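**Q** Going by full-length UniProt numbering, the residue at position 635 of the sequence shown is 635; the numbering climbs one at a time, nothing skipped.
First the structure, which I've put down as structure tokens, then a few questions once you've had a look.
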Amino acid sequence: MSACGSKSGKIESSEDGAYNSVTLGDVIFMKLRGSSWWPAQELDRLRSYADLIHQKNLKTTFVIKQKSKESNPKKKTMDFTNHFLFLMMLQFLVVLGGDTQPGVRLDIQDKHVIMDNGIVQVNLSNPEGIVTGIQYNGIDNLLEVLNEEYDRGYWDIVWDQGGENRTKKGAKGKGTFDRMEATNLAVIVENEEQVELSFTRTWNVSFVGKLPPLNIDKRFIMLRGSSGFYTYAIYEHLKEWPAFDLDNTRIAFKPRKEKFHYMSVADNRQRFMPLPDDRIPPRGQVLAYPEAVRLVDPVEPEFKGEVDDKYQYSCESRYNQVHGWMSIDPLNSTGFWLITPSYEFRSAGPLKQYLTSHVGPTTLSVFHSTHYSGTDLIMQFGPNEPWKKVYGPIFIYLNSLSNGVSPIKLWEDAKQQMVNEVESWPYTFPASKDFLSSEERGKVKGRLLVRDRIVSDAFIPVSGAYVGLAAIGGVGSWQRECKGYQFWTITDDKGYFSIINVRPGDYNLYSWVTGYIGDYQFDKIINVTSGCEINVSELVYEPPRDGPTLWEIGIPDRSAAEFYVPDPNPMYINKLYVNHTDRFRQYGLWERYADLYPNKDLVYTVGVSDYKKDWFFAQVNRKKDNGTYQGTTWQINFNLDRVNTNGSYTLRVALASVHAAELQIRINKLEADPALFSSGVIGKENTIARHGIHGFYWLFSIDVDGTLLVQGNNTIFLTQPMNTSPFIGIMYDYIRLEYKR
């Protein structure tokens with residue numbers, strides 16, 4: 001007798017090209033090769049027999065036979081020692097049309113509604129639509145039971161009134177927080193295969209100034225046999241409704257802090273994490289801003305002296321597909337994962353950085369935010385502007401491991417599940433007509449070539465270039481576009497691309513190519529319709545270029561990662577990022593500039609200096625002994641063998657990020673007034689404080705009259721004069737001087 005109480009059965013199998021047969025007692029079932037269905041009466045008989053076995057634990061032999069093409073058929077025998085494995089075999093034989101997984105059940109109560117598929121049970125508040133409980137793997141609730149029910153799993157939005165009613169706080173991207181509590185529950189789908197619930201809140205004029213002028217429809221889906229559940233939401237602003245601003249929107253989950261201690265964001269970004277209690281004084285010491293805390297007396301001594309900051313775990317949208325938490329137990333470990341199968345509904349394209357998981361424990365799916373971008377990315381809606389958008393679905397995936405404490409297998413399984421979800425996109429099961437199936441979408445394909453005409457007349461196919469469709473706009477506008485959808489892909493090694501599953505609409509086609517400055521934009525509007533396949537043929541990007549390169553600094557890749565990133569102050573380390581490729585994620589690196597350049601600013605000599613060692617990753621202010629800050633002026637020294645004083649030159653300056661800074665450029669005369677070039681005060685990206693290495697991409701092309709240069713030694717002065725904060729600064733991407741022919 002096995003542990004499950006059943007007696008052993010037996011399966012025999014042999015291979016054959018003609019048919020399969022299943023024998024239960026003296027009953028034979030057959031499926032011809034290529035046939036989709038078995039006879040209905042035989043299916044019913046098999047199901048009845050399986051039910052009888054299940055109910056009475058009868059001894060049986062389950063035989064699968066196939067006649068061999070060979071004269072000596074090869075037989076395999078598998079002994080099933082318990083009833084559980086027998087049932088698993090029934091599940092495996094999907095041709096039988098049966099499924100041993102229980103159907104999805106729905107239980108609607110006065111204050112709660114419960115979805116249960118026998119693997120996962122999800123409890124939501126009725127009618128608010130807040131996730132109050134997730135039961136899985138023998139744990140009665142994966143979410144933090146010490147929190148109020150409304151603070152466990154919820155959609156939220158940060159908003160402000162628009163136009164003349166916009167508040168000062170809202171103008172800074174710090175509007176009103178709303179958990180989007182619904183007022184009505186509707187059952188959209190209810191059967192054994194699927195349950196879909198709709199929690200809605202309808203706006204009317206009585207809510208002016210109190211709630212964002214949006215109709216909100218939050219959906220939750222559970223499928224049979226699925227180890228998790230899906231959620232998505234539909235936001236709608238009607239034309240006649242008042243103006244408003246949308247700053248941030250997301251869904252947040254807060255797993256139990258007593259259980260979930262190990263976090264994974266990427267293969268090389270995972271670790272045991274501090275407790276939330278460690279952040280609270282006196283155990284934690286708040287640093288330059290509330291999110292950054294030094295752990296001075298943590299519960300677990302191993303974290304002592306470390307800095308914890310949620311921004312250290314931010315991730316670009318293109319890589320932000322799966323992250324989450326693990327509860328490590330020697331007998332039974334559990335994983336809690338948030339999987340985003342597509343970023344078509346996220347704002348600002350593939351490079352936009354979003355928060356992921358962090359100490360709490362908290363795990364987020366952020367759909368729109370102003371992080372690493374600032375007020376440029378506040379969605380502003382006018383009073384006569386209709387809008388509707390579907391965010392999601394995303395998948396909350398749960399897994400478990402009973403044979404060890406290593407989190408690697410749970411993480412690897414979560415990554416594989418992410419691949420499965422990506423391959424299934426767009427999903428076929430969401431019931432809302434606003435979520436479009438694959439058949440309702442279109443496709444755009446073509447080939448991208450680059451011609452850098454001064455370097456070569458050749459049309460070069462580029463591998464790994466990003467090509468995408470986004471709302472109609474100007475060159476590079478996709479990085480600030482957030483009201484619509486974006487669809488991106490990568491070129492293959494011959495430059496070919498295919499953008500699939502595009503929602504119908506009018507788009508511009510955009511691209512950027514690592515190794516070349518600037519942005520590409522196709523000069524025609526692309527109208528995508530349901531089921532269409534549009535071939536734009538060969539597109540040629542000619543990057544900005546006036547003449548041959550005299551010298552260059554950096555790599556044109558929209559990032560400052562190639563420049564010198566210093567070691568952190570030992571007082572402020574995160575052990576995860578010691579000797580890490582993402583060393584820029586350490587706290588306080590802006591203060592290291594004054595340590596390296598206490599009295600004089602950076603001087604870079606072309607042909608002598610190495611930008612990997614000698615170009616600080618950000619032009620920041622120098623902290624003075626009295627605690628104030630001082631603007632900085634960097635120098636680029638270079639030698640010209642000859643100068644055409646009757647000619648002109650072009651200085652290309654590409655920036656990876658800017659925060660509240662002004663870039664002034666002078667050549668050979670530091671005191672020149674006005675400067676040859678001034679950007680004005682630009683940027684609200686806060687990338688330096690948030691441990692990023694890029695924000696928005698900026699490109700400036702500055703005409704340089706030949707009379708400003710001299711034969712021999714020359715100096716370009718890069719001045720950043722704003723000095724009210726340590727976080728003001730500029731991250732450079734690439735600088736190049738060209739001789740204009």
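Glycine residues also receive a C-beta, built at the ideal position from the N, C-alpha and C atoms.
The structure presented is a predicted model; accordingly, all values stated were derived computationally and were not measured.
(1) Check for me: the alpha helix (DSSP H) holding D413 runs from which residue to which?
(2) Name the residue from I378, P255, Y319 and E306 whose alpha carbon lies nearest to the alpha carbon of G335.
(3) At the level of alpha carbons, what is the spacing between L708 and I667?
(4) Check Q312 in the structure and name its three-state DSSP category.
(5) Just how far apart, CA to CA, sit L351 and Q109?
(6) Can you give the Cα-Cα distance for V286 and K310, rounded to whole angstroms?
(7) When you compare only the Cα positions, how much space is there between F616 and L718?
(8) Can you tell me where the alpha helix (DSSP H) with L596 in it begins and where it stops?
(9) Taking the straight line between their C-alpha atoms, what separation do you get for V467 and P282?
(10) Return helix, strand or coil for R690, following the three-state DSSP convention.
(11) C482 to G374, Cα distance in whole Å?
(12) Would you say the stretch 312–322 touches the stretch 591–605, given that touching needs at least three Cβ pairs under 8 Å?
(13) Based on the DSSP secondary-structure assignment, which residues constitute the bridge partners of V390?
(14) Quick check: I702 and L663, are their CB atoms within less than 8 Å of each other?
(15) Given a threshold of 16 other Cβ atoms within 10 Å of its Cβ, counted over all protein chains shown, does F727 qualify as buried or as exposed?
(16) Helix, strand or coil for P721, going by three-state DSSP, please let me know.
(17) Between which two residues does the alpha helix (DSSP H) containing Y611 stretch?
(18) Please state the DSSP three-state secondary structure of N599.
(19) Report, in whole angstroms, the separation of the C-beta atoms of N535 and F638, which I expect to be a contact under 8 Å.
(20) Given V94, which residues of its chain have a CB within under 8 Å of its CB, disregarding the five upstream and five downstream residues?
(21) Buried or exposed, going by whether 16 or more other CB atoms sit within 10 Å of the CB of S657?
(22) Pick helix, strand or coil for R33, following the three-state DSSP scheme.
(23) In or out: Y734 buried (at least 16 other Cβ within 10 Å) or exposed?
(24) Would you call the CB atoms of F220 and T363 closer than 8 Å?
(25) Among all the DSSP beta bridges, which residues are the ones paired with V455?
(26) If we count the other Cβ atoms within 10 Å of its Cβ and call it buried at 16 or more, is P430 buried or exposed?
(27) Using the Cβ count rule (16 or more neighbours within 10 Å means buried), how would you classify I328?
(28) Pick out whichever of R652, S226 and R179 has its Cα sitting closest to the Cα of K210.
(29) Buried or exposed: F435, going by 16 or more other Cβ atoms within 10 Å of its Cβ?
(30) Should G118 be labelled buried (16 or more other beta-carbon atoms within 10 Å of its own) or exposed?
(31) To the nearest angstrom, how far is it from the Cα of L338 to the Cα of S424?
(32) Using the Cβ count rule (16 or more neighbours within 10 Å means buried), how would you classify S365?
(33) Considering just the uninterrupted stretch of the beta strand (DSSP E) at F381, what are its terminal residues?
(34) With distances taken between CB atoms, is the gap from A660 to L699 smaller than 8 Å?
(35) Let me make sure I understand the geometry here. Which of D277, G133, N137 and G349 has the alpha-carbon closest to that of S400?
(36) Please identify the residue among R224, A594 and Y235 whose C-alpha is closest to the C-alpha of W203.
**A** Taking the geometry as given:
(1) In the sequence shown, the residue the question calls residue 413 occupies position 413. Counting along the chain, the alpha helix (DSSP H) containing D413 begins and ends at I408 to E423.
(2) As a first step, residue 335 is located in the sequence shown; it is residue number 335 there, counting from the start. Closest option to G335, Cα to Cα, is P255.
(3) For the purposes of this step, residue 708 is taken as the residue at position 708 of the sequence shown. For the purposes of this step, residue 667 is taken as the residue at position 667 of the sequence shown. Computed Cα separation, rounded: 7 Å.
(4) The residue labelled residue 312 in the question sits at position 312 within the sequence shown. Three-state DSSP puts Q312 in a helix.
(5) Taking the sequence shown and counting its residues from 1, the one referred to as residue 351 is at position 351. Taking the sequence shown and counting its residues from 1, the one referred to as residue 109 is at position 109. Roughly 44 Å between the two C-alpha positions.
(6) The residue labelled residue 286 in the question sits at position 286 within the sequence shown. The residue labelled residue 310 in the question sits at position 310 within the sequence shown. Taking the straight line joining both Cα atoms gives about 13 Å.
(7) Position 616 of the sequence shown holds residue 616. Position 718 of the sequence shown holds residue 718. Their backbone Cα atoms lie some 13 Å apart in a straight line.
(8) Mapped onto the sequence shown, residue 596 falls at position 596. Here the alpha helix (DSSP H) through L596 covers R592 to L596.
(9) Within the sequence shown, residue 467 is the residue found at index 467, counting from 1. Within the sequence shown, residue 282 is the residue found at index 282, counting from 1. Using only the alpha carbons, I get a separation of about 50 Å.
(10) As a position in the sequence shown, residue 690 is number 690, starting the count at 1. Correct three-state label for R690: coil.
(11) Within the sequence shown, residue 482 is the residue found at index 482, counting from 1. Within the sequence shown, residue 374 is the residue found at index 374, counting from 1. Approximately 13 Å between the Cα atoms of the pair.
(12) no
(13) As a working note, residue 390 is residue 390 in the sequence shown. Answer is I234.
(14) By 1-based counting over the sequence shown, the position of residue 702 is 702. By 1-based counting over the sequence shown, the position of residue 663 is 663. Going by C-beta atoms, I702 is not nearer than 8 Å to L663.
(15) Numbered from 1 along the sequence shown, position 727 holds the residue referred to as residue 727. The residue is buried, with at least 16 neighbouring Cβ atoms inside 10 Å.
(16) Taking the sequence shown and counting its residues from 1, the one referred to as residue 721 is at position 721. In this structure, P721 counts as coil in the three-state DSSP scheme.
(17) Indexing the sequence shown from 1 puts residue 611 at position 611. Run containing Y611: Y611 to D614, per the alpha helix (DSSP H) assignment.
(18) Counting from 1 along the sequence shown, the entry for residue 599 is found at position 599. Coil, per DSSP.
(19) Locating residue 535 in the sequence shown gives position 535, counting from the first residue. Locating residue 638 in the sequence shown gives position 638, counting from the first residue. 46 Å between Cβ atoms; not a contact.
(20) To locate residue 94, count along the sequence shown from 1; it is residue 94. Note that V94 scores a pLDDT of 32, beneath 50, so its modelled location is shaky; the value from the coordinates is reported in the next line. The answer is none, since no qualifying residue turns up.
(21) Indexing the sequence shown from 1 puts residue 657 at position 657. Flag for S657 reads buried.
(22) In the sequence shown, the residue the question calls residue 33 occupies position 33. Confidence at R33 is low in this model, with a pLDDT of 28, below 50, so the placement of that residue should be treated as unreliable; the coordinate-derived value is given next. In this structure, R33 counts as coil in the three-state DSSP scheme.
(23) Taking the first residue of the sequence shown as position 1, residue 734 is located at position 734. So Y734 counts as buried.
(24) Locating residue 220 in the sequence shown gives position 220, where the first residue counts as 1. Locating residue 363 in the sequence shown gives position 363, where the first residue counts as 1. Not in contact: F220 and T363 (Cβ atoms no closer than 8 Å).
(25) The residue labelled residue 455 in the question sits at position 455 within the sequence shown. DSSP lists no partner for V455.
(26) Mapped onto the sequence shown, residue 430 falls at position 430. Buried.
(27) Along the sequence shown, read from residue 1 onward, the residue named residue 328 stands at position 328. Looking at its Cβ environment, which holds 16 or more other Cβ atoms inside 10 Å, I328 is buried.
(28) Within the sequence shown, numbered from 1, the residue matching residue 210 stands at position 210. For the residues R652, S226 and R179, the minimum Cα distance to K210 belongs to R179.
(29) Counting from 1 along the sequence shown, the entry for residue 435 is found at position 435. Its Cβ being crowded by 16 or more others within 10 Å, F435 is buried.
(30) Within the sequence shown, numbered from 1, the residue matching residue 118 stands at position 118. Exposed, because fewer than 16 other Cβ atoms sit within 10 Å of the Cβ of G118.
(31) Working through the sequence shown from its first residue, we reach residue 338 at position 338. Working through the sequence shown from its first residue, we reach residue 424 at position 424. So the two alpha carbons sit approximately 16 Å from each other.
(32) As a working mapping, residue 365 is identified with position 365 in the sequence shown. Buried is the call here.
(33) Position 381 of the sequence shown, counted from the start, is the residue given in the question as residue 381. Its beta strand (DSSP E) spans residues M379 to F381.
(34) For the purposes of this step, residue 660 is identified with residue 660 of the sequence shown, where counting begins at 1. For the purposes of this step, residue 699 is identified with residue 699 of the sequence shown, where counting begins at 1. No, the Cβ-Cβ distance between A660 and L699 is not below 8 Å.
(35) Working through the sequence shown from its first residue, we reach residue 400 at position 400. Checked all of D277, G133, N137 and G349; the closest Cα to S400 is N137.
(36) Walking along the sequence shown from the start, residue 203 turns up at place 203. The candidate whose alpha carbon is nearest that of W203 is Y235.
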